[in-house]
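K.L.:
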Amino acid sequence: MKYGRYCWRAVFLFPQFCKILFTFSIDMECSVDVFVGNTTVIDPEIYQLWVDGNSAHEAADVLQKRGILQQWGANMDLLMSDVLDHYRTFHMLEKTLHTPLKLTATGEWTFQIDGDTQQLLIEKYYELDDVVVREVLGKKLSSRHRKDLDEVSEKTAISLRSCRRQFDNVKRIHKLVEELPGHIVNNIQHNFLLSTELSRKYAAVVFIAVNRFETTKRKLQYLNFSDFYHCAHQMIEHWSSTSCHATSMRNQSETETEIETDLDVDRGFLHDLREVRILLDKEKELKHLVCSQLKGRLTDKIYSDMESSFKTHSRSLVLLAGNLNRSRELRSLFVDLVERCVEPLRQARWTSRDLRLFLDYYTPAGVQLFKSDSATALVWERYMKVISSCLVKIYHN
Amino acid sequence: MPGKVKVKILAGRNLPVMDRSSDTTDAYVEIKLGGITHKTDVFRKSLNPQWNSEWFIFEVDDAELQDEPLQIRLMDYDTYSANDAIGKVYLDLNPLLVTPGLSGRGIARAETCSVPSSGGTVLSGWLPVYDTMHGMRGEVSVIVKVELFSDVNKFRQSSCGVQFFSTPATPYGFKIQSIQGFVKELVVNDDPEYQWIDKIRTPRASNEARQTLFSQLSGEVRRKIGLKVLELGGNAVVGYQQMFDLEGVTGLVVRGIGTAVTLARCHFDGNSAVTWFKDQHHGNGRESPRCTAISPVDVIKPLVSSTITAPVVVHGTTPSRPTPCARRSSESEINTTPKASSLSDSFGSSGGGISSNCRPTAHRQASVPVPPSNTYLNGVDVTRNLDALEYPFLTMKTYPPGFIVHVGGTVSARSVKLLDRINNSEEPETRDNWWTEIRMEVRSHARALGCSVILGYEEHTSISEEVCVLSASGTAAIVKLQHEVDTKDVNHGKSNTVITEDSKVNLPCRVCHIPYSKASIPFPIKLSRCAVCRKGKVPDVLIATIEPPTGMLVSGRGCLIQARLCRPKRAESRGDQQAKEISDGLPFLEYELHRQLINKLRTKGMNAIFHLKVQVSIGDRHVVGIATGTALFLSALPTPSLPKPSNPSISSKQSKRGRIHKLLIEAHAASQERYGLNKQLNKVNDVEEPKWTDSDDTDEDANDLDLTAGNKDSCVIEIDDIEDIDVIELLIDPETPEGFDVVNTETVPGLPIDSIRRRPNLQAFNRVWKGKIPTLQAARHLNRCFEMILRSIYFKLRKSRPCVITNLEFSVDLPEDDEIQITVLGTAITAFSKTPTEVAPCIGTSLRGVGSAESEMIFHLEDDVQSATSNEQAASTARVNQPNRHIPLPPPSNQGLLRTPGDKAKIFVQKERQPVDIVTLIHLPGSRVERYLGHLNFFFIRESTSIREDGGLSGFMQSFITEVLGIVRAHVSALGGNAMVSYFMTQCVLLHNPHKNQGQCLINVGGDVVQAARCTPEKDV
């Protein structure tokens, strides 16, 4: 009797039955679905996906493709709920990540995260993609350029969100560090708690931005970020006001220690660099010195080219040094290096080994010629150290 | 008597920008206690103001000290317009009021700390500034000192010395000298949200008025309970539970219950005899609670004939057959009568006034004033004092070994009430009477089971519009009152040996034996001989609300068991009609819930449930019942038989039945395998089967048949219709994934020690889920929701396996028509993954763990803890010395010009900040609780008018709970603690108005602040 009645209802309800089944599959949707632990749960894998600019759905898709569902016996809903949970946490964390010192401060109780994870969060968040930085490099960090990031994203195949994050990070660090005295790498490390490696990357970007080096010219397109990174650090190390190379400005620099930053190229040094123009007059001797040393060490072809065009090569290097105290010249340093040194040498088919050899003997030769003026000799050495290193680095295709 | 509160505001930081034009804030602080307000100067144009104020001094009555929170409000000064509020800090001063003598904290402070104020205690630290509309807004650094003058006035209104523990057990480092008994208090007030003024004030003002009021009421309830405790001669309350009933228009009820005890520091230096239920305060003790209790029982609204008490579900019995049981449950009035008479028959007493009154009200009226004067059966003569106690209820869940003699079973009572306006909030009689009725009923149920006390007592309400369901439940038991309590045993569970040694008296299986004589059983029950001692009689299933008592023999491991039920309710009925409908439906709900639970238990092949918690929630369209417990196999109890499906009516369904039967067998086998029951079972079968067929067996069986009226096979599932098939499908839980152990008790019963790691990673978690219930197949959907929630928790914790999830607590709300909100609270104990070397268990302890089943029961972490005491210093230094892995490499060395060596050091010292652990447990696995620093109880309200922008309701809730936990951690730390135990979240009310893009949430959280020392692995060896 009872059974019969049920059947009757079932028959009548049949059209609705399908609907019920259907709603079951989608009706598990909910308005609130959160999991909050006392210790903030961070999944490094999902965090990486977030940092890379994936949306929650994209991240879930990626994870699904990695086989997470089979591995843990879950379904897509669970995964989605988990990913969303993480994404909300990251979203909340993001504000704090802008000032990492707040994240690690003693009285910060909102998020309870152990030291290792904090480090991971910060490091990953400030992670830079070289290709993206290369595009950002030398551009003014304004909102106008932020809008253009979709082009960067297209070009580099890195998601727009990730590009924006990197752009904003660079801007943020730039803004804070710009005015701080002292060592830029240290400053970045202390204020943003980044690893040395990453801090150095940011330092390079900030250095190039502060000194407004020209990096976007068509001729410079072949240079990648690691080239600039190398050059910038060479300059920070040897040319900046805080670099401890003994110069004629030594006395002055000691008194101004407080306000000095290694973001600025040492003005006094640039000023003194004008003196090296003397070398233009001593070109013969210089050529002799260098050629005698290099003979036999270079292939004949290169040697003959070097001998014939020594004047041009030497001249461009010396003139560059002499003009660096003009800020426009300093800004176009990379352009000049490429135009005047790299391109002619490349045409002459020098190898980078040849270049290194040449520079190795060219610098001491100059020093030798400044025998009477040890100060200028030091300036020359300081100049050439950076230039040689940079030239070798950027001498590639 | 006065107390002096001194407050100093040092600084603020990370404040929000209040002045858009200058991007800064002109902040100052208002400090308010009671009616007095002090202000600091305005610190101009800074987001990190340094006030460094003088000491603000408040001289207040100590009753006020207990009731009033210290309110620290940060304001933004505005020359031309009204000053804007930045946010507030509510400081509960109660943790600072504990007198030095008791807490042990004071002693230690006096010895170790150089706090200038004598006897006073200090709170200092960065506390998050919280705004109900914006959430957390920076932090403020404060120092608060309290100097208290002791008060011995007989007529005083304060109870400053009494310490509160939400820990439902003996706090660590203490011993209970005597138990004074059950204490309760109830305060009624108007809810500010529903006052007329709410129409004209801002949401912020309204929320703050509410927060302040909740804080005050909470303090008041504690103060009043404290007074009772002092009258009774106690000095502390353990197992304190405080509930807020948000009745809406009719007001707000704050209830507190707990167990008054006399605590003393124990010094681990020998055993001291402890008298439980000491007689000395007998005279005093009787007067005060009685006064409040004996108030004329007049039902204010006699109209509500629906004041119907739901049935006693005397667990510990099996439902013999659906039909008779259902009848028994549904007709509760008739039901009480035979029980009472059977009581009086067997004990030859009048049984109080519980004679043949069929009207429930009348029955209660009679029973209240006359406490039964007879002594019940148990050999201990001190029991007389129990009758003296009006309510022999204990709210603790864990008891010292040997304290519990017999466990009778779970007793519970429910009653449906219609809310009416509380006319006079000064005399909350109606509510008091409601609870009195229900408590009396619980007591009478316990007596029907021949038990004198109720352990693990809890009270709950569920409110939907004007209907309110009150429930009370506990475990009826017989306890040994004059007991030599070895304090070490109490705290460290070493007594197992003690108990087993004198096995004549204290059989480990004794706890399971029935406390009533066979002849006097008031209801059909299947009994059998105890499988361990073969002397006592045991029921075939034991269900209790307490933790498994120490010393119980368990085979295999425990696991979570849950029955879920959803019954539809007509939405259109209102008032009386609705109350009537609910109360008519409750017995069925409860019966079904019980049946489901028992069948699930059998499917798992287990025979006992502990820490059972039954929650009934009512909503507009549904009534939902959830029963959660930890199932385990007690060696003393008989092996359960697998439920057999049968459908006598339809033969055509044979094949289907077979399929279901197969499913059940498979599930059974899987569970046996999973929880390690196989071994034990074989043993039982091999060794005990022959004896089973001996002479006493036949006698037993005959008895059974008599009682159950010929239904020998008690677990037959009838399949009459499709719904029943659903029911069976619901019986089979999906398996818990490998690597997880899930229980709702403190520890996993039967899990060897070395499984829980030496240095575990503790994670208390809050899971909130809210979704729709379809009207059709609601029960099935509910089941899916719960399964999904559990699975999502496993999935969430997937990377930290092996993982033990303990103290899982579910609560269900039905806020809207078709919405259900499930809140889950629990503690995940996972291996400390970062240092795998520490995971290696030491040989000594693991051997112990395997050797005796008793030592695995409970407290099993503490024996290592105790041995660790001496090396504590070593531990702390070891931790400090741990190499720091994330120090960035030093920058190139030739650039050292401007670098100060101190800089770097400072930064990385900060990283060594000690985390604050929060657990829902009473102990901290892997750590030892050193001091209790007070009980905290917070009430937070968060409102937002930009829900969509905040990432939806989920985003709103997640950030709110995150912030709440953050604030709790900050307060724990400011009090000098590093962990919170017995963490609870009793309220989580979420209101949402999607059209206005607005949402509001209320949360009540709290727990006991403790200072704990980590045990390092080397100490355990």
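Chains D and P supply the protein sequences, listed in that same order.
Quick note on numbering: the first sequence equals residues 1 to 397 in full-length UniProt numbering.
Quick note on numbering: the second sequence equals residues 1 to 1021 in full-length UniProt numbering.
The C-beta atom is built at its ideal place from N, Cα and C for all residues, glycine as well.
Is it true that the CB of P:F984 sits closer than 7 Å to the CB of P:V964?
P.N.:
Contact flag unset, no.
K.L.:
Between P:S973 and D:K201, what straight-line distance do the alpha-carbon atoms span, to the nearest angstrom?
P.N.:
Roughly 38 Å between the two C-alpha positions.
K.L.:
Please confirm if P:V768 has its CB atom under 7 Å from at least one CB of chain D.
P.N.:
Interface residue, yes.
K.L.:
From P:V538 to P:S635, what does the alpha carbon distance come to, in whole angstroms?
P.N.:
Cα to Cα, the separation comes out at about 11 Å.
K.L.:
According to DSSP, is P:L15 helix, strand or coil?
P.N.:
Here P:L15 sits in coil by DSSP.
K.L.:
Shorter than 7 Å from the beta carbon of D:V34 to some beta carbon of chain P?
P.N.:
Interface residue, yes.
K.L.:
Could you tell me the boundaries of the beta strand (DSSP E) in which P:T630 lies?
P.N.:
Segment 622 to 634, the beta strand (DSSP E) holding P:T630.
K.L.:
Could you list the residues in the stretch 80 to 109 of chain D with a C-beta less than 9 Å from some C-beta on chain P, going in chain order?
P.N.:
Cβ contacts with chain P come from S81, D82, L84, D85, Y87, R88, T89, H91, M92, T99, L101, K102, T104, A105, T106, G107, E108, W109.
K.L.:
For P:G575, which residues from the same chain have a beta carbon less than 7 Å from its beta carbon, with the 5 sequence-adjacent residues on both sides left out?
P.N.:
Only L418, E466 meet the Cβ criterion.
K.L.:
With a threshold of 7 Å on Cβ separation, who are the neighbours of P:R13 within its own chain once the five nearest residues in sequence on each side are excluded?
P.N.:
Around P:R13: N48, G138, E139.
K.L.:
If I'm right that P:P749 touches P:G558 with Cβ under 8 Å, what's the distance once you round it to whole angstroms?
P.N.:
Going by Cβ atoms, the distance from P:P749 to P:G558 rounds to 4 Å, so yes, they are a contact pair.
K.L.:
Which residues of chain D have a Cβ atom closer than 8 Å to the Cβ of P:Q958, listed in chain order?
P.N.:
V34, V36, D85, R88, T89, M92, listed in chain order.
K.L.:
Taking Cβ-Cβ distances shorter than 7 Å, what residues in chain D pair up with P:R969?
P.N.:
Simply W109, Q112.
K.L.:
Give the residues from the stretch 433 to 455 of chain P that approach chain D closer than 8 Å (Cβ to any Cβ), ordered along the chain.
P.N.:
Residues passing the 8 Å Cβ filter: none.
K.L.:
I need the DSSP call for P:T962, collapsed to helix, strand or coil.
P.N.:
Three-state DSSP puts P:T962 in a helix.
K.L.:
Would you tell me roughly how many angstroms separate the C-alpha atoms of P:T37 and P:M957, rounded to the nearest one?
P.N.:
Looking at the two C-alpha atoms, the distance is approximately 33 Å.
K.L.:
Classify D:R66 as helix, strand or coil using the three-state DSSP reduction.
P.N.:
Coil at D:R66, not helix or strand.
K.L.:
Helix, strand or coil: how does DSSP classify P:D486 here?
P.N.:
Low confidence applies here, because P:D486 scores a pLDDT of 40, under 50, leaving its location unreliable; read the following figure in that light. Correct three-state label for P:D486: coil.
K.L.:
Enumerate in chain order the residues of its own chain whose CB-to-CB distance from D:T96 is below 6 Å, with the five nearest sequence positions on each side excluded.
P.N.:
Once the five neighbours on either side are set aside, the close Cβ partners of D:T96 are K102, L103.
K.L.:
Could you list which residues in chain D have their beta carbon closer than 7 Å to that of P:Q998, in chain order?
P.N.:
What P:Q998 touches in chain D: nothing, since even the nearest Cβ is about 14 Å away.
K.L.:
In this structure, what does DSSP give as the bridge partners for P:D818?
P.N.:
Partner(s): none; P:D818 has no beta bridge.
K.L.:
Please name the residue in P:T79, P:V144, P:F244, P:A236 whose C-alpha comes closest to that of P:T986.
P.N.:
The option with the nearest alpha carbon to P:T986 is P:F244.
K.L.:
Name the DSSP bridge partner or partners of P:M136?
P.N.:
Per DSSP, P:Y130.
K.L.:
Does chain D have any CB closer than 7 Å to the CB of P:P734?
P.N.:
For P:P734, the answer is no, since every Cβ of chain D falls outside 7 Å of its Cβ.
K.L.:
Could you check what DSSP says for D:D114 in three-state terms: helix, strand or coil?
P.N.:
D:D114: coil per DSSP, three-state reduction.
K.L.:
Note down, in chain order, all residues in the stretch 76 to 98 of chain P with a beta-carbon under 8 Å from any beta-carbon belonging to chain D.
P.N.:
Correct list: empty, as no residue qualifies.
K.L.:
Leaving out five residues on either side along the sequence, give the residues of the same chain with a beta carbon under 6 Å from the beta carbon of P:K6.
P.N.:
Answer for P:K6: W55, I57, K145, listed in chain order.
K.L.:
Would you list the residues sitting across from P:E459 in a DSSP beta bridge?
P.N.:
Its beta-bridge partners are P:A472.
K.L.:
Fully enclosed by the stretch 147 to 204 of chain P, which beta strand (DSSP E) runs are 3 residues long or longer?
P.N.:
Correct list: 174 to 189.
K.L.:
Could you please tell me which residues of the stretch 54 to 81 of chain D, in chain order, have their CB closer than 8 Å to any CB of chain P?
P.N.:
Going along the stretch 54 to 81 of chain D in chain order, one finds W72, G73, A74, D77, L78, L79, S81 with a Cβ nearer than 8 Å to chain P.
K.L.:
Buried or exposed: where does P:Y80 fall if 16 or more other Cβ atoms within 10 Å of its Cβ makes it buried?
P.N.:
With fewer than 16 other Cβ atoms within 10 Å, it is exposed.
K.L.:
Should residue 1035 of chain P and P:F960 be called a contact, given that it needs their Cβ atoms to be closer than 7 Å?
P.N.:
Given a span of 1 to 1021 for chain P in the structure shown, any question on residue 1035 of chain P remains unanswerable.
K.L.:
Could you confirm whether any beta carbon from chain D is found closer than 7 Å to the beta carbon of residue 1023 of chain P?
P.N.:
Not covered by the structure: residue 1023 of chain P. The range shown for chain P is 1 to 1021.
K.L.:
Would you call the CB atoms of D:L149 and D:R164 closer than 7 Å?
P.N.:
Their beta carbons are under 7 Å apart, which means D:L149 touches D:R164 by this criterion.
K.L.:
Using CA coordinates, which residue listed in P:P774, P:F765, P:V60 is at the minimum distance from P:S792?
P.N.:
Out of P:P774, P:F765, P:V60, P:F765 has the C-alpha closest to the C-alpha of P:S792.
K.L.:
Below 8 Å, how does it come out for the stretch 310 to 320 of chain D and the stretch 178 to 192 of chain D: are there three or more Cβ pairs, yes or no?
P.N.:
Contact between the stretch 310 to 320 of chain D and the stretch 178 to 192 of chain D is absent, because fewer than three Cβ pairs lie under 8 Å.
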